[in-house]
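Numbering (the working numbering), first residue to last: 2 to 357. Even for Gly, the Cβ is constructed at its ideal location relative to N, Cα and C.
This is how it looks when you write it as structure tokens:
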């Protein structure tokens, strides 16, 4: 009975594993490729899985045939003594080599192709490049995106054009993280001592199906809020991307807040937060001084801290106790602010918009 109970429990756990394996969101699935890199990686996954299934089926079939055809008929039977079969030895040596070649050739080819980032090193006379380059910097627990040729720095929301290669320089500012946009391409680490490089292509049709939004995650265990270290990707047409760049570049100084509350909030912000957070996209601020996310277009973002819906209630709660929502966050809490002051800071931040 105990054995039967164990088998029932094992069967239940197996069934739950199959059910849970189908859970999740389409925009976080690596099995629904939405770009050239993801397509190549997905094809290699299918190829390797097909080869493995083929080998398993062949072994199982041979095992069953041997089990029934060559089983002992009686206790007195002595099997035929065979010292070896050169033909069979050649077959089971050649076939694995052949299968390895089938897998190795496209894998090596794809690896060299995906590792080719030479276009991002070719600069024009004015120092700019013909391709889009984004410097990604990962910190506990937020993401910074710098467009060096466009002289723009933003955070938490990556904006990219579709149907063209986007090149990335990946770096970590404190511990090792990993940059990953599941439907668009495999992860790559952001190290503190070296810069990793990669490229991705965001397919316009897939992006449209996803509402022109993908979601990225940190794929390297980096601390207590690792699971909450998310970022948003807006994949738009080249025309819309150029417009976004133009609008961001037009922000030289933060506009004067429209309301009295927002003006009071700006004063509180300048006295308490400006040391870590910038409210202009210009990348003249040294990297070491950018200790918190850039807030230039905070009012347009969908999330506070990358995880909470962007509204005044969540924003005020985040300002008071960021560690409550992201344990281990380096942002200090401002619970000492009065409710009126929190309302004023929230009014100021919600008014930081570049595009309506």
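query	result
Inter-residue Cα distance where the pair is residue 257 and residue 39	44 Å
Sufficient close CB pairs (3 or more, under 8 Å) joining the segment 286 to 299 to the segment 128 to 147	yes
Beta bridge counterpart(s) of residue 33 as assigned by DSSP	Answer by DSSP bridge pairing: none, since residue 33 is not bridged.
Minimum C-alpha distance to residue 82 - residue among 90, 71, 91	71
Residue of 122, 334, 214 minimising C-alpha distance to residue 169	122
Where residue 263 sits in the DSSP three-state scheme	helix
Cβ shell of residue 107 (< 7 Å), same chain only, five flanking positions each side left out	45, 48
DSSP-derived helix/strand/coil call for residue 308	coil
Identity of the residue in 109, 113, 133 nearest residue 120 by Cα	133
Given 8 Å, three or more beta-carbon pairs between the segment 324 to 335 and the segment 224 to 234	yes
CA-to-CA distance, residue 299 to residue 1, given in whole angstroms	Within the shown structure, residues of the chain are numbered from 2 to 357, placing residue 1 beyond reach of any answer.
Local Cβ density within 10 Å of residue 87, reported as buried at 16 or more and exposed below that	exposed
Boundaries of the alpha helix (DSSP H) in which residue 179 is found, first to last residue	Counting along the chain, residue 179 falls outside any alpha helix (DSSP H), though it belongs to the beta strand (DSSP E) covering 178 to 182.
Beta strand (DSSP E) segment containing residue 161, residue limits	158 to 162
For residue 190, the first and last residue of its enclosing alpha helix (DSSP H)	It is not in any alpha helix (DSSP H) - residue 190 instead sits in the beta strand (DSSP E) that spans 186 to 191.
Beta-carbon gap between residue 234 and residue 270 smaller than 9 Å	no
Length-filtered (3 minimum) beta strand (DSSP E) runs lying within the segment 186 to 241	186 to 191, 197 to 202, 214 to 219, 231 to 237
Beta-carbon proximity list for residue 225, same chain, < 7 Å, skipping 5 on both sides	328, 329
Cβ-based burial, residue 244 [other Cβ within 10 Å; buried from 16]	exposed
Straight-line Cα distance separating residue 14 from residue 151	52 Å
C-beta atoms of residue 294 and residue 143 nearer than 9 Å	yes
Identified DSSP bridge partners for residue 169	135, 199
Pair within 9 Å by beta-carbon distance, residue 252 and residue 195	no
Residue interval of the alpha helix (DSSP H) (run including residue 113)	87 to 115
Cβ neighbour criterion (16 or more within 10 Å) applied to residue 186	buried
In DSSP terms, what residue 140 is bridged to	143
Cβ neighbour criterion (16 or more within 10 Å) applied to residue 34	buried
Inter-residue spacing [alpha-carbon to alpha-carbon] between residue 355 and residue 53	52 Å
Inter-residue spacing [alpha-carbon to alpha-carbon] between residue 36 and residue 353	32 Å
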